[in-house]
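>
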Amino acid sequence: MIRRTISRPVRAAAALGVVALVAAGCTSNTPEAADTTSSDSQRAGSSNDDPGDKVTIGFSGPAADHGWLGAINSAAQAEAKKFSDVEFKAAEGTNDASQQIAQVETFINDKVDAIVLLPTDGAALTEVATKAMNAGIIVVNVDREFSTPFAARTTILGDNYGMGVSAGTYACKLVKDKNLTNPVIAEIAGIDALPLTQDRSKGFADALKGCNQTVDNRVAAEFTVESGEKVASNLLQAAPKIDIIWNHDDDQGVGVMAAFDNAKRNEFAFIGGAGSANAMRWIKEGKMEATVLYPPTQAADGVRLARLLAQDKSMSDLVQVAVPRRIVLDAPVVTKDNVEEYLPLGFES
Amino acid sequence: MSVETPRTSEEPAGTQEMAAPAATAGSGPSALSRFLGGSATRNLGLVIALVILCVVGLATAGERFGSFDNALTILRLAAVVGVVSVGMTFVICGGGIDLSVGAIVALSSVWATTLATQTMAEDIHWIVMVLTALLVGGACGLVNGLLVAYGKVAPFIATLAMLASARGLAELIAQRRTQIVRDRSFIDFFGGSVIGIPVLVIIFAIVAALGWVLLNRTTFGRRTLAIGGNPEAARLAGIKVERQTAYLYVLLGLACGLAAVMLMARTTTGTSTHGQLLELDTIAAAVIGGTLLSGGRGTIVGTVLGVLIFTTLTNVFTLNNVDTSTQNVAKGVIIVAAVLLQQRLAARRRST
């Protein structure tokens, strides 16, 4: 009896929700379709930065408890400020997926034009992003991918696999240049449960295969200085002699470097990842061999793309009328030779 | 129940201030016998677990595990968690809990490495940084203590609030950046070693020894166990339960401040991400070490063994190149195994 009385209103509510969703989907598609036809006039290449229709962009990302994420947030803010036609609403960064879902729901209720979303966890935010898309809001997915392509209009990603490949290829070059026979190669990964870490490691291993090498010792830290020091200390004990070390993340790299100094070990070539200002200074000083860039400007690019999409403009250097669905950024290697060029991009951590 | 009965008889003795110095003075042989007899029973399981770990380490990694350098690495890594765990043992023994230790470590490390503090340290001495960290840690502990003891806020809630706000304040002060310690002599001092033993390890040893004396050989220690075991009885016996409780949190706060200094030396930085999940590591170490979560019982030796088991475990895994997920599974299993072993041994000893 009781169960039935409860289930009826629930079922009714669910049905109502579905109707509402469908209705929202219907209404939302109309203005979008109407706008596309009128947008052709604005396609001219360099006029993209000229003030256009006023657009409201919501931004939500993880808590900036990490130098790279801090740089992501501030770069997005700064980029939005450059445009007089952008009203930028940044939600307080959070590492709690359910809180971030609530933030996106607020954006939907506020009827923003576009949402730039760097999810704490791509899969967890897919549902609500799809809801936003169905409500006619343009979603730009940054860095951590949703589990379905329907959840975002455009996805802009750093290349985690490519980062591993760049590091591995560079390691292979070192093996060849230094003529190392049977070198010991070590890897200090970030949070192992994250797909981005797995991608980086896979890229590294795949590239090493190219010169018949494998990772001899692998440890995983947690993107924090403290964890970097901890795992690196143990790693140095595990391998009495190392030739090449790749550390996924320059933030934890500060701790890794401290562990090297504590153990007075520097017989290896130390390759970093992400490209912090610290790492670039080490490269200049010769304390670090190289670092593989993972651009901290992705969310800023996301804001730009969201603005273009909301104003129905296209990317000026492409012949294609619409903004691409997916953009994967390059992961170049910064060494002593080109560090000056990349130093301005280095983020303080 | 059987565990608590002898304690209640000890309480009145603890309140007689005169008894303490007398006991400390003639404690030479009795301390040793008590150490071996009393706590060793409970700690035997832990020692066995640690020995098994070492045997596994030696068998799988050989010289790399057995080397003096590796032993120092393990001890150095154990030092930071160890110092906080000793403080945590006091708070738990006194019937409380502190979830904010990691956040306090973060805040202390950040406060002690701000530009202002570092500039002042350059002008005067790096001791300024140490004092700042201790002061901040102690102050946070005091707030916790006042809230719990006089505000009657449940320890779980009061320290949960501190966990959130201390880390938040650390982020505000550091602007979520990593602050590098510029003072080389600070790092050289704490990162250095005396007759081959790292200063961090020496600090850990001193803190553990002081903790042991404080808990086992002073009225302060007896009061701590008394208020944790039975606060009402302690009150009736004339112990100022509120004041004692507040002291315990301040003590732990100071330990956090010291741990922050040690972490600053090890990582050469102060940042708001320091000490993540430290509360879990320290509570786990204390509980594995035989500290009763409900208060009234606990040993420093057990806690130190608990910390060493954790650190050695990670070290052995890393030497064998085991991936993190497997490590976590094994860690869980070993924690339960160690506690079960310890309970069995304690039960057998009691029945014979």
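Those protein sequence lines, which keep their order, are chains A and B.
Our numbering puts the first residue of the first sequence at 326, with every later residue one more than the last.
Our numbering puts the first residue of the second sequence at 204, with every later residue one more than the last.
Where a beta carbon is used, it is the ideal one built from N, C-alpha and C, also for glycine.
#1: What does the alpha-carbon distance come out to for the pair Ala-358 of chain A and Ala-309 of chain B?
#2: Out of A:Asn-504, A:Asp-390, A:Glu-614, state which residue places its alpha-carbon closest to the alpha-carbon of Gly-600 of chain A.
#3: Taking the alpha carbon of Ala-401 of chain A as the reference point, which residue from A:Ala-449, A:Gly-392, A:Phe-413 has its own alpha carbon closest?
#4: I'd like the list of long-range same chain contacts for Asp-386 of chain B, defined as Cβ closer than 8 Å, with 5 residues on each side in sequence excluded.
#5: Identify which residue in A:Val-653, A:Glu-610, A:Ala-563 has its Cα closest to the Cα of Leu-261 of chain B.
#6: What does Leu-466 of chain B reach in chain A if we use C-beta pairs closer than 7 Å?
#7: CA-CA distance, Leu-505 of chain A and Leu-413 of chain B?
#8: For Ala-583 of chain A, which residues from the same chain have a beta carbon less than 7 Å from its beta carbon, with the 5 sequence-adjacent residues on both sides left out?
#9: Could you give the distance in angstroms between the alpha-carbon of Leu-375 of chain B and the alpha-carbon of Ile-409 of chain B?
#10: Please compile the residues from chain A whose C-beta is within a distance smaller than 9 Å of the C-beta of Gly-394 of chain B.
#11: Starting from the C-beta of Ala-389 of chain A, find all residues in its chain whose C-beta is less than 7 Å away, skip the five residues before and the five after it, and write them out in chain order.
#12: So the candidates are B:Gly-509, B:Asn-419, B:Phe-293; which of them puts its Cα closest to the Cα of Gly-344 of chain B?
#13: Helix, strand or coil, according to DSSP, for Gly-597 of chain A in the structure here?
#14: Could you say which of A:Gly-578, A:Ser-558, A:Gly-598, A:Ser-385 lies nearest to Ala-454 of chain A if we only look at CA atoms?
#15: Run through the DSSP bridge pairs and tell me what Phe-413 of chain A is partnered with.
#16: Using the Cα positions of Met-267 of chain A and Ala-492 of chain A, report the straight-line distance between them to the nearest angstrom.
#17: Would you identify the three-state DSSP class for Ala-511 of chain A, choosing helix, strand or coil?
#18: Please state the DSSP three-state secondary structure of Thr-622 of chain A.
#19: Under a Cβ-count criterion, where at least 16 other Cβ atoms within 10 Å of its own Cβ denotes burial, should Cys-351 of chain A be classed as buried or exposed?
#20: For a contact meaning CB atoms closer than 7 Å, what does Leu-280 of chain B contact in chain A?
#21: Under a Cβ-count criterion, where at least 16 other Cβ atoms within 10 Å of its own Cβ denotes burial, should Pro-358 of chain B be classed as buried or exposed?
#22: Ala-439 of chain A by DSSP, collapsed to three states: which one?
#23: Cα separation between Gly-370 of chain A and Met-458 of chain A?
#24: Starting from Leu-409 of chain B, trace the alpha helix (DSSP H) in both directions and tell me its first and last residue.
#25: Measure from the C-beta of Glu-374 of chain B to each C-beta in chain A and report whether the shortest distance is under 8 Å.
#26: Is it the case that the CB of Met-488 of chain A approaches a heavy atom of the ligand ADP more closely than 7 Å?
#27: Just list the alpha helix (DSSP H) runs in the stretch 445-486 of chain A, keeping only unbroken ones of 4 residues or longer that don't cross its boundaries, in chain order.
#28: Can you find a CB in chain A that lies within less than 8 Å of the CB of Thr-477 of chain B?
#29: Given Ala-342 of chain B, which residues of its chain have a CB within under 8 Å of its CB, disregarding the five upstream and five downstream residues?
#30: Once DSSP output is grouped into helix, strand and coil, what is the label at Gly-341 of chain B?
#31: Out of A:Lys-609, A:His-573, A:Leu-670, point me to the one whose CA is closest to Asp-662 of chain A's CA.
#32: Taking Cβ-Cβ distances shorter than 7 Å, what residues in chain B pair up with Ala-545 of chain A?
#33: What does Asn-542 of chain A pair with, by DSSP beta-bridge criteria?
#34: Excluding the 5 residues preceding and the 5 following Asn-559 of chain A in the sequence, name in chain order all residues of the same chain whose CB lies nearer than 8 Å to its CB.
#35: For a contact meaning CB atoms closer than 8 Å, what does Asp-517 of chain A contact in chain B?
#36: State the DSSP-derived secondary structure class of Ala-226 of chain B, mapped to helix, strand or coil.
The structure says:
#1: Legend: pLDDT at Ala-358 of chain A = 39, less than 50; position of this residue unreliable, value from coordinates given subsequently. Taking the straight line joining both Cα atoms gives about 52 Å.
#2: A:Glu-614
#3: A:Phe-413
#4: Gln-321, Ala-324, Glu-325, Trp-329, Met-332
#5: A:Ala-563
#6: Glu-551
#7: 51 Å
#8: Glu-554
#9: 34 Å
#10: Ala-583, Asp-586, Asn-587
#11: Gly-395, Asn-398, Gly-418
#12: B:Phe-293
#13: strand
#14: A:Ser-385
#15: A:Ile-382
#16: Because chain A in this structure spans residues 326 to 674, residue 267 of chain A falls outside the shown range and cannot be described.
#17: strand
#18: coil
#19: Unreliable positioning characterises Cys-351 of chain A in this predicted model, as indicated by a pLDDT of 36, which lies under 50. The coordinate reading is nonetheless provided below. Per the 10 Å Cβ criterion, exposed.
#20: Lys-555, Ser-558
#21: buried
#22: strand
#23: Here the model assigns Gly-370 of chain A a pLDDT of 47, short of 50, so the residue's position is not dependable, and the following value carries that caveat. Using only the alpha carbons, I get a separation of about 27 Å.
#24: For the sequence presented, residue 409 of chain B should be read as Ile rather than Leu. Start and end: 402-420.
#25: yes
#26: You won't find the ligand ADP in this model; it holds no ligand whatsoever.
#27: 447-459
#28: The amino acid occupying residue 477 of chain B in the given sequence is His; Thr does not appear at that position. For His-477 of chain B, the answer is yes, since a Cβ of chain A falls inside 8 Å of its Cβ.
#29: Gly-456
#30: helix
#31: A:Lys-609
#32: Thr-527
#33: A:Ala-511
#34: Val-544
#35: Asp-526, Thr-527, Ser-528
#36: Because the pLDDT at Ala-226 of chain B is just 39, under 50, the model does not fix this residue reliably, and the value given afterwards should be weighed accordingly. Three-state DSSP puts Ala-226 of chain B in a helix.
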